[in-house]
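> Let me begin by handing over the structure; questions about it come next.
In the UniProt record's numbering, the protein residues as written are 1 to 105.
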């Protein structure tokens with residue numbers, strides 16, 4: 001991981017009992033062979049809620065990041081993720097924050 005490498009932090013709240021399915025699907029989607037997909041990624045379970053996933057993805061460069069997120073081939077798989085998310089009133093089931101690395105180990 002390098003300084004200024006682009007990435008994204010995602011938080012997903014699955015529907016009750018759908019956390020395992022969310023983790024399984026998101027893990028599978030990281031092995032599609034997409035040349036513009038993340039080069040480093042981590043999926044983490046929230047210690048306080050097994051249906052909450054935190055994802056950290058980092059991309060080769062800004063052009064790869066932009067191509068990945070604008071590629072329509074990802075629309076259907078991304079919709080499958082959204083379909084697993086909770087839809088309770090007043091609950092923000094997803095969060096996305098674009099980031100860039102400042103330093104890493």
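Ideal Cβ placement from N, Cα and C applies to all residues, glycine included. Source: prediction; values computed, not measured.
Going by beta carbon distance, what residues of the same chain come within less than 6 Å of residue 100, once the five residues before and after it are set aside?
Result list for residue 100: 4, 6, in chain order.
> In the structure shown, what three-state DSSP assignment does residue 100 receive?
Residue 100: strand per DSSP, three-state reduction.
> Measuring only between beta-carbons, confirm whether residue 25 sits less than 8 Å from chain D.
Annotation note: the requested chain D is absent from the structure, which comprises a single protein chain.
> I think residue 41 touches residue 24, with their Cβ atoms under 8 Å apart; what is that distance to the nearest whole Å?
In fact, because the Cβ distance is near 15 Å, the residues do not count as touching under 8 Å.
> Classify residue 66 as buried or exposed, calling it buried when 16 or more other Cβ atoms lie within 10 Å of its own Cβ.
When all chains shown are included, residue 66 counts as exposed.
> Assuming residue 96 and residue 10 are in contact, meaning their beta carbons sit under 8 Å apart, how far apart are those beta carbons, in whole angstroms?
That belief holds up - the Cβ atoms of residue 96 and residue 10 are roughly 5 Å apart, short of 8 Å.
> Using three-state DSSP, classify residue 65 as helix, strand or coil.
Helix.
> Roughly how many whole angstroms lie between the Cα atoms of residue 8 and residue 35?
Those two C-alpha atoms are separated by around 17 Å.
> Quick check on the burial criterion: 16 or more other C-beta atoms within 10 angstroms. Buried or exposed for residue 63?
Exposed, because fewer than 16 other Cβ atoms sit within 10 Å of the Cβ of residue 63.
> Mind checking which residues open and close the beta strand (DSSP E) that includes residue 51?
Per DSSP, residue 51 belongs to the beta strand (DSSP E) from 49–58.
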